[in-house]
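Colleague: This is the structure I have questions about; it appears just below.
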Amino acid sequence: MHAIQVQGLTKRYGDVTAVDGITFSVAPGGTLGLLGGNGAGKTTTIAMLLGLLIPTAGSIRILGHDMGRDRFAALARMNFSSPYIALPSRLSVAENLRVYGHLYGVRGLEARIRELAAQLDLTGLLDRPSGNLSAGQKTRVALAKSLINRPDVLLLDEPTASLDPDTGDMVRGWLERYRRESGCTVLLASHNMAEVERLCDSVLMLKQGRIVDSGSPPELLDRYGRDDLEQVFLDIARRGTVAA
Amino acid sequence: MTGGTASRGSLRRIWGLTYRHLALYRRSWPRLLELMYWPVLQMCIWGFTTSFLVGRAGSTAVVAAGALLGGVLLWEVALRSQMGVAISFLEELWSRNLGHVFVSPIRPWEMVSALIGISVLRMLTGVLPAILLAFLLYAFNLFAIGPVVVLFFANLMVMGWWVALGVVSLILRHGAGAEALAWSVLFGLTPFSAVFYPVSVLPAAVQPIALALPSSHVFEGMRAALDGVVRWDHLAWAVALNIVWMAAGIWLFAAQFRQARLRGALLSIGE
Numbered sequence: 734m735h736a737i738q739v740q741g742l743t744k745r746y747g748d749v750t751a752v753d754g755i756t757f758s759v760a761p762g763g764t765l766g767l768l769g770g771n772g773a774g775k776t777t778t779i780a781m782l783l784g785l786l787i788p789t790a791g792s793i794r795i796l797g798h799d800m801g802r803d804r805f806a807a808l809a810r811m812n813f814s815s816p817y818i819a820l821p822s823r824l825s826v827a828e829n830l831r832v833y834g835h836l837y838g839v840r841g842l843e844a845r846i847r848e849l850a851a852q853l854d855l856t857g858l859l860d861r862p863s864g865n866l867s868a869g870q871k872t873r874v875a876l877a878k879s880l881i882n883r884p885d886v887l888l889l890d891e892p893t894a895s896l897d898p899d900t901g902d903m904v905r906g907w908l909e910r911y912r913r914e915s916g917c918t919v920l921l922a923s924h925n926m927a928e929v930e931r932l933c934d935s936v937l938m939l940k941q942g943r944i945v946d947s948g949s950p951p952e953l954l955d956r957y958g959r960d961d962l963e964q965v966f967l968d969i970a971r972r973g974t975v976a977a
Numbered sequence: 087m088t089g090g091t092a093s094r095g096s097l098r099r100i101w102g103l104t105y106r107h108l109a110l111y112r113r114s115w116p117r118l119l120e121l122m123y124w125p126v127l128q129m130c131i132w133g134f135t136t137s138f139l140v141g142r143a144g145s146t147a148v149v150a151a152g153a154l155l156g157g158v159l160l161w162e163v164a165l166r167s168q169m170g171v172a173i174s175f176l177e178e179l180w181s182r183n184l185g186h187v188f189v190s191p192i193r194p195w196e197m198v199s200a201l202i203g204i205s206v207l208r209m210l211t212g213v214l215p216a217i218l219l220a221f222l223l224y225a226f227n228l229f230a231i232g233p234v235v236v237l238f239f240a241n242l243m244v245m246g247w248w249v250a251l252g253v254v255s256l257i258l259r260h261g262a263g264a265e266a267l268a269w270s271v272l273f274g275l276t277p278f279s280a281v282f283y284p285v286s287v288l289p290a291a292v293q294p295i296a297l298a299l300p301s302s303h304v305f306e307g308m309r310a311a312l313d314g315v316v317r318w319d320h321l322a323w324a325v326a327l328n329i330v331w332m333a334a335g336i337w338l339f340a341a342q343f344r345q346a347r348l349r350g351a352l353l354s355i356g357e
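Residue numbers (our numbering), protein chains in the order written: chain P, 734 to 977; chain L, 87 to 357.
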């Protein structure tokens with residue numbers, strides 16, 4: 734059984750097609766990167782996977798649950814992080830984690846908060862209002878929130894956007910280790926090609942709502958004759974796929 | 087999953103969202119002060135006004151003063167209940183947190199339950215000091231009406247909730263542009279709610295509108311109760327109308343929530 738199985742997923746807003754019949758799957762424990770320029774359909778795809786958006790057509794199964802009929806069962810075993818969605822800034826870090834711990838029904842919540850705080854270097858920040866933190870600290874808090882329920886499927890929308898290179902590298906290293914140790918399935922949308930290359934074992938290249946190419950990072954580099962994914966991305970963005 | 091496990095899960099999620107708002111108020115004294123500010127201010131203004139009228143008009147004004155103060159206090163119950171739900175929803179929107187809430191396993195009805203719970207706490211925090219003030223400054227005891235006052239409270243709270251569901255639905259439909267309604271919408275119903283005067287005072291054409299609102303029946307009942315008569319017919323109408331309007335509010339909320347999911351508005355609703 735695939736952890737994520739998407740079939741013919743389509744989202745149209747009137748005459749505009751944001752996502753156009755995409756089909757893909759992610760095996761348990763796999764990490765899939767969604768790559769594409771602005772307006773390629775990455776965020777729309779993630780929103781549909783999370784049940785925030787109802788597809789025009791197609792189906793989504795996550796951990797065996799049909800997201801159209803039974804999304805809450807899947808959502809309890811998923812989580813999500815995005816720098817574009819904030820946590821209440823007046824609440825302390827611990828209070829925010831406590832809120833989401835309750836929403837996700839986490840057992841041994843206080844111990845879990847302490848564990849995550851220790852792992853993500855947040856122990857000294859637990860009583861600080863979330864709004865008073867630096868961008869890097871907020872990202873780590875958002876990451877802690879997204880891991881509070883030990884998700885089986887983790888969706889990350891540009892997890893290191895707006896971070897300095899050092900903090901970004903720390904977060905990527907932590908994600909890499911977490912995935913290896915937990916066996917969690919990860920879907921990652923990013924503009925950071927080095928990040929995708931480092932974290933993902935397969936990549937979907939999206940353009941205008943369609944999958945224009947896919948494969949593991951080494952396969953894509955080989956196919957396009959390039960040294961890094963950024964060059965592959967530019968090839969696709971400017972000229973189209975190899976096949977095209 | 088057993089029924090008991092599911093119920094515990096629901097209660098935990100409802101508590102999670104309730105805790106989020108309690109934590110917010112614990113850290114924000116201006117928000118706490120704001121809860122009490124208007125009910126207490128209203129009570130001061132109308133209390134002094136009735137004191138003045140009683141001093142001028144004598145014993146005949148005493149009955150009117152009771153109706154006026156009772157009306158002010160009970161209408162605050164509806165107002166604070168409505169604002170409690172609508173503003174708590176807006177707090178999620180202002181903090182750009184809705185996306186996180188809606189991708190958690192919380193069901194829409196659990197979210198509404200949490201908002202209602204918070205609304206009850208907000209209403210009690212705002213209205214109880216005003217009730218105490220009315221007793222201390224003007225010797226007006228709302229509870230002297232009798233146990234029936236609890237039913238008046240309950241009906242006005244429920245009315246506040248369905249009006250708030252309508253407001254939240256409009257926010258889901260039109261975004262933050264509709265947020266001003268969270269403060270103003272119930273004031274628009276005040277003239278039809280017969281808060282300070284009987285429905286019979288209204289023009290004949292307007293009376294059906296008044297009678298379609300639970301609040302007008304509550305206030306007719308309150309005036310009768312101040313005269314020592316419990317009007318069960320008015321209470322029955324208030325309960326029945328609340329059931330109908332609440333069902334309509336829930337339907338509207340569910341429809342607009344689905345529409346928001348179709349339009350992708352849950353992520354961009356704050357804009």
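C-beta: ideal position from N, C-alpha, C; glycine also.
These figures come from a predicted structure and were not determined experimentally.
Within 10 angstroms of its Cβ, does Phe175(L) collect 16 or more other Cβ (buried), or is it exposed?
Modeller: Here residue 175(L) refers to the residue found at position 89 of the second sequence. Looking at its Cβ environment, which holds 16 or more other Cβ atoms inside 10 Å, Phe175(L) is buried.
Colleague: Compare the C-beta of Tyr105(L) with all C-beta atoms of chain P and state if any pair is closer than 7 Å.
Modeller: The sequence position of residue 105(L) within the second sequence is 19, counting from 1. Tyr105(L) counts as touching chain P.
Colleague: In angstroms with no decimal places, state the Cα-to-Cα distance between Gly769(P) and Leu889(P).
Modeller: As a working mapping, residue 769(P) is identified with position 36 in the first sequence. As a working mapping, residue 889(P) is identified with position 156 in the first sequence. Near 15 Å, if we compare the C-alpha coordinates of Leu889(P) and Gly769(P).
Colleague: Can you check whether the CB of Ala311(L) is closer than 7 Å to the CB of Val234(L)?
Modeller: Numbered from its first residue, the second sequence carries residue 234(L) at position 148. Numbered from its first residue, the second sequence carries residue 311(L) at position 225. Yes.
Colleague: For Leu110(L), go through chain P and note every residue whose CB falls closer than 8 Å to its CB, in chain order.
Modeller: Indexing the second sequence from 1 puts residue 110(L) at position 24. Ordered by position in chain P, the residues that pass the 8 Å Cβ test against Leu110(L) are Pro821, Arg823, Leu824.
Colleague: Excluding five sequence neighbours on each side, which residues of the same chain lie with their C-beta closer than 8 Å to the C-beta of Gly741(P)?
Modeller: By 1-based counting over the first sequence, the position of residue 741(P) is 8. Excluding residues within five positions, the ones whose Cβ falls inside 8 Å are Gly754, Ile755, Thr756, Ala790, Gly791, Ser792.
Colleague: Which residues in chain L have a C-beta closer than 8 Å to the C-beta of Val832(P)? List them in chain order.
Modeller: Position 99 of the first sequence, counting from 1, holds the residue named residue 832(P). The contacting residues are Gly102, Leu103, Tyr105, Arg106, Ala109.
Colleague: How about Leu859(P) and Ala827(P): are their beta carbons less than 7 Å apart?
Modeller: Working through the first sequence from its first residue, we reach residue 859(P) at position 126. Working through the first sequence from its first residue, we reach residue 827(P) at position 94. Their beta carbons are under 7 Å apart, which means Leu859(P) touches Ala827(P) by this criterion.
Colleague: When DSSP labels each residue in this structure, what does Tyr978(P) get in the three-state scheme?
Modeller: The requested residue 978(P) does not occur in the structure, where chain P is confined to residues 734 to 977.
Colleague: Rounded to the nearest angstrom, what separates Val244(L) and Ala250(L) at their Cα positions?
Modeller: On the second sequence, residue 244(L) is found 158 positions in, with the first residue counted as 1. On the second sequence, residue 250(L) is found 164 positions in, with the first residue counted as 1. When rounded, the distance between both Cα atoms is 10 Å.
Colleague: Determine contact between the region 314–331 of chain L and the region 270–288 of chain L, defined as no fewer than three beta-carbon pairs at a distance below 8 Å.
Modeller: no
Colleague: Can you tell me whether Val281(L) is helix, strand or coil according to DSSP?
Modeller: To locate residue 281(L), count along the second sequence from 1; it is residue 195. Val281(L) falls in the coil class under three-state DSSP.
Colleague: Does DSSP classify Val874(P) as helix, strand or coil?
Modeller: Sequence index remark: in the first sequence, residue 874(P) carries index 141 (1-based). Three-state result, Val874(P): helix.
Colleague: If you follow the beta strand (DSSP E) that Asp946(P) is part of, which residue opens it and which one closes it?
Modeller: Within the first sequence, the letter at position 213 stands for residue 946(P). Its beta strand (DSSP E) spans residues 943–948.
Colleague: Is Phe813(P) near Pro191(L), with beta carbons less than 7 Å apart?
Modeller: Here residue 813(P) is taken as the residue at index 80 of the first sequence, counted from 1. Here residue 191(L) is taken as the residue at index 105 of the second sequence, counted from 1. Result no, Cβ atoms of Phe813(P) and Pro191(L) do not sit closer than 7 Å.
Colleague: Taking 7 Å as the CB-CB limit, is Pro191(L) close to chain P?
Modeller: Residue mapping note: residue 191(L) aligns to position 105 of the second sequence, counting from 1. Answer yes: the Cβ-Cβ gap between Pro191(L) and chain P drops below 7 Å somewhere.
Colleague: Could you name the residues of chain L that Glu843(P) contacts, counting a contact when the two beta carbons are closer than 8 Å?
Modeller: Within the first sequence, the letter at position 110 stands for residue 843(P). Near Glu843(P) there are no residues of chain L at all, since even the closest Cβ is about 13 Å away, more than 8 Å.
Colleague: Roughly how many angstroms lie between the CA atoms of Leu154(L) and Ser205(L), to the nearest whole one?
Modeller: Sequence index remark: in the second sequence, residue 154(L) carries index 68 (1-based). Sequence index remark: in the second sequence, residue 205(L) carries index 119 (1-based). Those two C-alpha atoms are separated by around 25 Å.
Colleague: Who does Asp955(P) pair with in a DSSP beta bridge?
Modeller: The count along the first sequence starts at 1 and reaches residue 955(P) at position 222. Beta-bridge partners assigned by DSSP to Asp955(P): none are found.
Colleague: Where Ala977(P) and Asp968(P) are concerned, what is the direct C-alpha to C-alpha distance, given to the nearest angstrom?
Modeller: Locating residue 977(P) in the first sequence gives position 244, counting from the first residue. Locating residue 968(P) in the first sequence gives position 235, counting from the first residue. Reliability fails at Ala977(P), whose pLDDT of 46 lies under 50, so the model's placement of it is uncertain and the value that follows must be treated cautiously. Near 11 Å, if we compare the C-alpha coordinates of Asp968(P) and Ala977(P).
Colleague: Which term fits Ala341(L), buried or exposed, when burial requires 16 or more other beta carbons within 10 angstroms of its beta carbon?
Modeller: For this step, residue 341(L) is matched to residue 255 along the second sequence. It is exposed - the Cβ of Ala341(L) has fewer than 16 other Cβ atoms within 10 Å.
Colleague: Using DSSP bridges, identify the partner residues of Gln738(P).
Modeller: Within the first sequence, the letter at position 5 stands for residue 738(P). According to DSSP, Gln738(P) bridges with Ser758(P), Arg794(P).
Colleague: Which term fits Arg971(P), buried or exposed, when burial requires 16 or more other beta carbons within 10 angstroms of its beta carbon?
Modeller: Taking the first residue of the first sequence as position 1, residue 971(P) is located at position 238. Counting Cβ neighbours within 10 Å, Arg971(P) comes out exposed, since fewer than 16 surround it.
Colleague: Can you tell me which of the three DSSP states Ser825(P) falls into?
Modeller: On the first sequence, residue 825(P) is found 92 positions in, with the first residue counted as 1. Strand.
Colleague: Does the beta carbon of Ser181(L) come closer than 7 Å to any beta carbon on chain P?
Modeller: Taking the second sequence and counting its residues from 1, the one referred to as residue 181(L) is at position 95. By this cut-off, Ser181(L) is an interface position.
Colleague: Using C-beta distances below 6 Å, list every residue in its chain close to Gly869(P), excluding the 5 sequence neighbours before and after it, in chain order.
Modeller: As a position in the first sequence, residue 869(P) is number 136, starting the count at 1. Contacts found: Leu896, Thr900.
Colleague: Could you spell out where the alpha helix (DSSP H) holding Thr135(L) opens and where it closes?
Modeller: Residue mapping note: residue 135(L) aligns to position 49 of the second sequence, counting from 1. Thr135(L) -> alpha helix (DSSP H) spans 115–143.
Colleague: Counting C-beta neighbours from all protein chains within 10 Å, is the total for Arg913(P) 16 or more, i.e. buried, or is it exposed?
Modeller: Within the first sequence, numbered from 1, the residue matching residue 913(P) stands at position 180. Per the 10 Å Cβ criterion, exposed.
Colleague: Run through chain L and tell me which residues come within less than 9 Å of Leu783(P), C-beta to C-beta.
Modeller: Taking the first residue of the first sequence as 1, we reach residue 783(P) at position 50. Within chain L, the residues near Leu783(P) are Gly185, Phe188, Val189.
Colleague: Using a Cβ-Cβ cut-off of 7 Å, state whether Trp337(L) counts as contacting chain P.
Modeller: Sequence index remark: in the second sequence, residue 337(L) carries index 251 (1-based). It does not: the Cβ of Trp337(L) has no partner Cβ on chain P nearer than 7 Å.
Colleague: Identify every residue that forms a DSSP beta bridge with Asp961(P).
Modeller: Working through the first sequence from its first residue, we reach residue 961(P) at position 228. None, per the DSSP bridge assignment.
Colleague: Please list the partners that His835(P) has in chain L, where partner means a Cβ-to-Cβ separation under 7 Å.
Modeller: Within the first sequence, residue 835(P) is the residue found at index 102, counting from 1. Within chain L, the residues near His835(P) are Arg98, Arg99, Trp101, Gly102, Tyr105.
Colleague: Measure from the C-beta of Ala809(P) to each C-beta in chain L and report whether the shortest distance is under 7 Å.
Modeller: The residue given as residue 809(P) occupies position 76 in the first sequence. For Ala809(P), the answer is yes, since a Cβ of chain L falls inside 7 Å of its Cβ.
Colleague: Just tell me which of Gly261(L), Val304(L), His260(L) has its CA closest to the CA of Ala280(L).
Modeller: Within the second sequence, the letter at position 194 stands for residue 280(L). Here the closest residue by C-alpha is Val304(L).
Colleague: How should Trp161(L) be labelled, buried or exposed, when 16 other C-beta atoms within 10 angstroms of its C-beta is the threshold for buried?
Modeller: Counted from its first residue, the second sequence places residue 161(L) at position 75. Around the beta-carbon of Trp161(L), 16 or more other beta-carbon atoms lie within 10 Å, marking it buried.
Colleague: Reducing DSSP to helix, strand and coil, say where Asp748(P) ends up.
Modeller: For this step, residue 748(P) is matched to residue 15 along the first sequence. In the structure shown, Asp748(P) sits in coil (DSSP, three-state: anything other than H, G, I, E or B).
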